[in-house]
Amino acid sequence: MIDEQAGGSIVLHAPMQGWRCALAEIPDPVFAQGMLGAGVGIDPTGDTVHAPCDGTIRALQPTGHAVTIAAAEGAEVLIHVGVDTVALEGRGFTPLVAAGDRVRRGDPLIRFDLDLLVQGAPSVITPVLLLDSDRYAVSPLGEAEGPVAVGDPIFALVPQQASASEAPAPYEGEVVARELQLPLAHGIHARPAARIRETAVRFSAEISMIKGERSANARSPVALLTLGARLGDLVRIEAHGADAETAVDAIATLIASGMGEAADPQQAPAAPQPAVAPAPASVISSDGRLAGVTASPGLAIGHARTLHLAEIEIDPAGVGAEEEQARLDQALRTLGRRLEGETATASGARRSILAAHRAMLEDEGLREAAAAAIAAGASAGQAWRTAIRPQAEALRATGDAHLAERADDMRDLERRIVSLLVGVEDAPIAFPPDTILLAEDLLPSQLMALDPANVVGFCVEKGGPTSHVAILAASMGLPALVAMGPALHEIAEGSMLILDADAASLQIGPDAETLAKAHALVAERRARRLEAQANAAAPCHMAGGERIEVFANLGSRADAEVAVANGAEGCGLLRTEFLFLERETAPSLAEQTAEYQAIADALGGRSLIVRLLDIGGDKPAPYLPIPAEENPALGLRGIRVGFAHPQLLEDQIRAILRVQPIGQCRIMVPMIASIDELRRVREVVDRVRAELGIAEPVSVGVMIETPAAAVTADLLAREADFLSVGTNDLTQYALAMDRGNPAVAGAIDGLHPAVLRMIAETCRGAARHDRWTGVCGGLASDLLAVPILVGLGVTELSATAALVPEIKALVASLSMDACRAHAAAALQCGSAAEVRILAREFRA
Ligand code: PEP
Ligand code: MG
């Protein structure tokens with residue numbers, strides 16, 4: 013139901029959580045000057061665009077960055093996430109609806125990765141506006157500036173009297189037409205659409221733009237968006253009326269000018285991005301090679317085994333709407349629970365893919381479409397198929413490679429629900445050892461169900477290099493090629509194959525010499541990895557016996573299991589904010605205790621350094637909106653947030669202190685700039701400790717992430733139990749380079765001598781008071797940096813779990829004297845690049 017006020021006004025509600033501001037604050041004149049229409053801006057702190065009112069999705073950009081909703085006849089509302097986000101080409105956006113879907117206020121429409129957008133776009137302020145309309149005007153509701161939550165009223169659309177003078181000009185004269193190839197790098201997206209409209213309204217002629225069979229009124233930005241016109245597309249401008257000739261000229265000139273978005277002229281006018289990666293010719297060469305597209309690198313040798321998955325047969329007719337709906341609801345609930353369980357125990361790529369599947373499963377549009385099919389007599393399975401397939405096809409039909417790859421996820425959901433309904437759940441996919449799997453396509457859940465001990469790689473006929481299957485394969489370390497085409501079927505079952513994913517090539521039936529070389533290479537790589545892994549469980553000592561602890565950084569319980577399996581001797585940094593990121597409310601005390609306890613248990617008694625919440629800066633938490641700051645990296649972040657929200661700080665400390673056995677957990681304070689901050693935290697720790705009756709002292713350490721902390725390390729070490737250098741932040745603050753700014757990404761290197769000198773200063777300060785110094789920032793996972801860090805006096809390295817075996821093996825090969833001399837030389841280098849050259853020579 014449309015949310016109407018008296019007089020037929022329609023109330024628009026905040027589609028996202030964040031900070032409301034005027035459109036004028038958006039750093040893009042198209043929005044700031046109201047060229048597209050009136051409305052408000054929202055600087056988001058959440059990750060989802062929700063429907064601001066009931067309506068129909070009029071357009072959803074293939075890149076997922078903007079959505080238009082028809083709220084009522086003549087009232088179309090545009091939500092454009094950020095500025096210039098079209099250039100991200102879909103990265104960071106997951107559309108949850110499709111054009112034509114009916115939505116209710118509050119329905120999720122687009123999910124976005126705010127971190128990625130913040131790094132990749134000039135601004136994330138999101139205009140929410142009424143697209144220029146003759147029939148409605150915008151009347152603001154609520155404060156003009158300040159925090160907004162999803163659903164807060166932001167403005168009303170007030171009906172206007174239609175103006176007779178704005179009626180279209182009567183038809184006069186011939187149709188004037190011009191065709192041109194679109195030179196715009198990102199096609200016709202919101203900004204060019206607004207500019208075209210701006211030009212079109214200066215003429216009385218009726219002007220249309222046509223691409224293929226689609227035609228759009230040049231005065232309607234929404235219609236222009238729905239053309240889906242991309243770089244290189246042939247578009248036709250047509251006009252009739254008194255000034256048709258001049259109008260067509262003006263628009264053609266505007267488009268030909270590139271509007272500041274012209275594609276690189278060196279680049280051939282791009283063909284529309286194919287729905288799969290540009291496939292190599294699918295032909296097996298005379299020497300038995302078939303080319304593909306690398307989805308996951310690596311080298312594997314094995315035998316061809318084909319995966320055949322027949323379509324699951326279903327009875328299309330239902331036995332009664334009520335019963336079929338109940339069956340579907342039950343299957344949806346079951347799969348929802350399974351996905352939830354799978355997500356909880358997954359980490360990294362697998363976790364985010366499962367989360368995406370959960371979001372798709374909850375899609376109201378899909379559920380409504382299925383319900384409609386059931387009401388029309390379909391069985392639950394047939395209804396689900398009927399609902400999901402057009403959506404998957406619509407994604408493919410966008411012609412956008414990234415969206416087309418998401419269609420696989422929809423097919424996966426189709427299969428999982430249908431299998432549940434029919435009771436023929438796919439058996440675990442078992443293959444003999446050394447299988448290179450060949451398939452027409454592979455769905456994410458099928459890949460997750462493979463036994464990685466037997467399947468050494470896979471090749472698929474379809475797919476794309478950025479599909480979820482490709483991402484999963486990379487996270488599993490499984491070499492994979494996609495888009496290999498129909499020639500894949502020509503490979504005889506059981507053939508010997510060399511899958512060289514690094515070279516994007518599959519060798520069929522290699523000769524003895526090629527095979528022997530490949531075996532030698534695979535064996536060499538495996539031996540190196542196995543040796544490191546085999547020794548990974550032992551405590552880490554340098555060649556001369558000095559003890560260096562190699563810990564892992566964790567963000568979840570699943571990470572803890574991986575860390576232990578890789579020989580981590582403990583956790584040097586638990587990023588607690590990651591445990592509770594995707595939530596609308598702060599975690600309760602009980603939830604926190606349970607999570608920390610589970611991680612402590614998974615570590616089997618090994619030391620667990622729990623970092624207090626490090627929200628703010630580049631890590632927003634939806635449940636703790638931090639007002640927009642001019643300089644967030646220099647603002648309310650790290651422990652400063654804890655002081656601003658004392659209850660949150662105290663609850664977290666209480667949850668950590670409740671973990672058994674007492675002493676396994678140590679507390680680490682992020683973003684310390686002065687000793688007072690440590691004292692304030694210590695006070696809370698001591699108070700809660702007394703309250704819980706804990707007699708033992710609790711180890712409280714500080715992160716060295718600010719130059720202030722590094723140069724006063726001796727003062728901090730007097731009272732801190734340990735110091736751990738967060739090189740990610742220390743580097744950004746020492747070099748005055750924002751760690752999230754791509755413009756300086758090439759230069760922000762922790763091996764800069766300035767950063768190394770601060771680490772040296774930290775080690776000296778800590779040693780003066782007999783405290784240890786660790787490194788938990790990215791430098792600890794950099795094999796070139798490890799000898800320097802050890803030489804500077806670092807005795808604990810907390811790295812990415814997967815790298816622990818190699819780091820341990822490296823440390824075991826190092827002599828302290830050599831590391832000290834090497835570190836001293838590094839401190840004298842003029843730049844990070846020089847340090848890297850030195851470090852490479854040292855390792856050679
Ligand atoms: C660091 O800054 O190096 C660090 C480990 O903390 P984070 O990357 O979580 O900010
Ligand atoms: Mg940090």
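Numbers 13 to 856, taken from the numbering used here, label the letters of the sequence shown in order.
Beta carbons are placed, not taken as given, at the ideal position from N, Cα and C, and that holds for glycine.
- The criterion of a C-beta distance shorter than 9 Å is not satisfied by Val23 and Pro120.
- With a contact defined as Cβ atoms closer than 8 Å, Ile267 and Leu239 miss out at about 12 Å.
- Contact annotation: the stretch 585 to 604 touches the stretch 656 to 670, with at least three C-beta pairs closer than 8 Å.
- In this structure the stretch 241 to 254 lies against the stretch 215 to 228, because at least three pairs of beta carbons, one per stretch, are closer than 8 Å.
- DSSP places Lys223 inside the beta strand (DSSP E), whose first and last residues are 218 to 223.
- Counting only runs that start and end inside the stretch 635 to 713, the alpha helix (DSSP H) elements of at least 4 residues fall at 651 to 656, 658 to 669, 687 to 703.
- DSSP lists Ala71, Leu90 as the beta-bridge partner residues of Thr80.
- Not one heavy atom of the ligand PEP sits closer than 8 Å to the Cβ of Leu809.
- DSSP, reduced to helix, strand and coil, places Met828 within a helical segment of the structure shown.
- Taking a contact as a CB-CB distance under 8 Å, the pair Arg694 and Val712 counts as one, their CB atoms being some 6 Å apart.
- Counting only runs that start and end inside the stretch 224 to 260, the alpha helix (DSSP H) elements of at least 4 residues fall at 233 to 238.
- At the C-beta level, Val170 and Val188 stay beyond 9 Å of one another.
- Placement of the Cβ of Pro719 at a distance of 8 Å or more from every heavy atom of the ligand MG is found.
- Around the CB of Lys529, fewer than 16 other CB atoms lie within 10 Å, so the residue is classed as exposed.
- Listed in chain order, the alpha helix (DSSP H) runs fully inside the stretch 552 to 617 are 569 to 577, 588 to 591, 601 to 614, counting runs of at least 4 residues.
- Between Glu662 and Val700, the CB-CB gap stays under 9 Å.
- In the three-state reduction of the DSSP assignment, Gly270 falls in the helix class.
- Here the C-alpha atom of Phe215 lies approximately 17 Å from the C-alpha atom of Met47.
- Boundaries of the beta strand (DSSP E) around Ala50: 49 to 56.
- Remark: C-beta atoms of Pro165 and Leu35 do not approach each other more closely than 9 Å.
- Looking at the backbone, the Cα of Ala264 and that of Arg226 are separated by about 18 Å.
- Of all C-beta pairs linking the stretch 419 to 438 to the stretch 320 to 330, three or more are shorter than 8 Å, placing the two stretches in contact.
- Burial check for Val710: the Cβ neighbour count within 10 Å reaches 16 or more, so the residue is buried.
- Rounded to whole angstroms, the gap between the alpha carbons of Gln458 and Glu689 is 50 Å.
- In the three-state DSSP reduction, Pro309 falls in the coil class, being neither helix nor strand.
- Boundaries of the alpha helix (DSSP H) harbouring Gln744: 739 to 747, taken from the DSSP string.
- Counting only runs that start and end inside the stretch 508 to 545, the beta strand (DSSP E) elements of at least 3 residues fall at 508 to 512, 517 to 520.
- Beta-bridge analysis with DSSP links Cys33 to Gly53.
- If you draw a straight line from the Cα of Gly647 to the Cα of Ala133, it is about 21 Å long.
- Ala212 is the residue among Ala539, Leu236, Ala212 whose C-alpha sits nearest the C-alpha of Ala259.
- Inclusion of Pro682 in the 8 Å shell around the ligand MG follows from its C-beta lying nearer than that to a non-hydrogen atom of the ligand.
- Beta-bridge partners assigned by DSSP to Ala149: Val170.
- Distances between the C-beta of Val737 and the heavy atoms of the ligand PEP include at least one below 8 Å.
- By the neighbour-count definition (other C-beta atoms within 10 Å, threshold 16), Ala836 is an exposed residue.
- Annotation for Pro719: the continuous alpha helix (DSSP H) segment containing it runs 719 to 723.
- For Leu809, the uninterrupted beta strand (DSSP E) run begins and ends at 808 to 811, by DSSP.
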